[in-house]
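Residue numbers (this note's numbering): -19 to 157.
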C-alpha cells in the first residue's frame, strides 16, 4: 500500500534532491547492506529519478527491475550462534524504498518548514492494520523541524534519536501545519 505524502509537490521534490546531493557530496548516502554490486552502483541514480518524479512505489519497482538486491544474506542462528545463509525477504526492496523515500521527504519538509517559519506534525501516511503503540503515540505531535532535520542528517540509515520516522514499516511521516 502506497504512502499519502500530503506535501509532495515541486518545492518538496526540489528540497529532496538537494538533500540527496548533500548526502552524495559528503559521501554518506545510505546503501542497503542487502544490495548487491548492481544495487550499490545503480541506487543513487534510481533514487534521484524517484525523487524527481516518482514515489516510494516506483523506487521499489526500479530496484527490483534492476536486480539490486542479493538473493541471500548471512544471518546468525539464535540457537547455535552460527552464521547461516538466509534468503533475502521478497519485501526487501519495498521496505527499503519506503523508508528512504520517506526519510528524504521528511528532510525536505523540515527544510521547507524552517524556510517558511511553519511547524511540522506527525501523521499516518500509510495504512496499517496493526499499528504499533509507539507509532500511534506520535500521531498529531508537533516537532521543531530543525531538530528532526539534524537528527535525520546525523543518523543516516539507522533509527533516529527522536523516533521519526518511527522505524521500518511504521507508515508515519510529517506534514506542514
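Backbone N, C-alpha and C define an ideal beta-carbon position, used for all residues, glycine too. The structure presented is a predicted model; accordingly, all values stated were derived computationally and were not measured.
Excluding five sequence neighbours on each side, which residues of the same chain lie with their C-beta closer than 8 Å to the C-beta of residue i?
{"i": "residue 33", "result": "-7"}
{"i": "residue 8", "result": "136"}
In or out: residue i buried (at least 16 other Cβ within 10 Å) or exposed?
{"i": "residue 63", "result": "exposed"}
{"i": "residue 123", "result": "buried"}
{"i": "residue 83", "result": "buried"}
{"i": "residue 52", "result": "exposed"}
{"i": "residue 21", "result": "exposed"}
{"i": "residue 164", "result": "The shown model of the chain, from -19 to 157, leaves out residue 164, and the question about it has no answer."}
{"i": "residue 100", "result": "buried"}
{"i": "residue 74", "result": "buried"}
{"i": "residue 70", "result": "exposed"}
Ends of the alpha helix (DSSP H) at residue i?
{"i": "residue 26", "result": "17 to 33"}
{"i": "residue -6", "result": "-10 to 5"}
{"i": "residue 153", "result": "Counting along the chain, residue 153 falls outside any alpha helix (DSSP H), though it belongs to the beta strand (DSSP E) covering 152 to 156."}
{"i": "residue 114", "result": "113 to 116"}
State the DSSP-derived secondary structure class of residue i, mapped to helix, strand or coil.
{"i": "residue 37", "result": "helix"}
{"i": "residue 12", "result": "coil"}
{"i": "residue 133", "result": "helix"}
{"i": "residue 108", "result": "coil"}
{"i": "residue 128", "result": "helix"}
For residue i, which residues from the same chain have a beta carbon less than 7 Å from its beta carbon, with the 5 sequence-adjacent residues on both sides left out?
{"i": "residue 4", "result": "24"}
{"i": "residue 92", "result": "-9, -8, -5, 156"}
{"i": "residue 12", "result": "19, 76"}
{"i": "residue 104", "result": "119, 151, 152"}
{"i": "residue -13", "result": "89, 155, 156"}
{"i": "residue 159", "result": "Lying outside -19 to 157, the shown extent of the chain, residue 159 is not represented and no answer is given."}
In the DSSP assignment, find the unbroken beta strand (DSSP E) run with residue i in it and report its ends.
{"i": "residue 53", "result": "52 to 56"}
Got a sec? Which residues, its chain only, sit under 6 Å from residue i by beta carbon, not counting five neighbours each side?
{"i": "residue 90", "result": "125, 128, 129"}
{"i": "residue 98", "result": "156"}
{"i": "residue 162", "result": "A query on residue 162 cannot be resolved here, the shown segment of the chain reaching from -19 to 157 and no further."}
{"i": "residue 137", "result": "10"}
Measure from the C-beta of residue i to each C-beta in chain C and report whether the shortest distance is under 8 Å.
{"i": "residue -6", "result": "No chain C appears in the structure shown, which is made up of a single protein chain."}
In chain order, what are the residue ranges of uninterrupted beta strand (DSSP E) at least 3 long that sit wholly in the segment 62 to 97? 63 to 67
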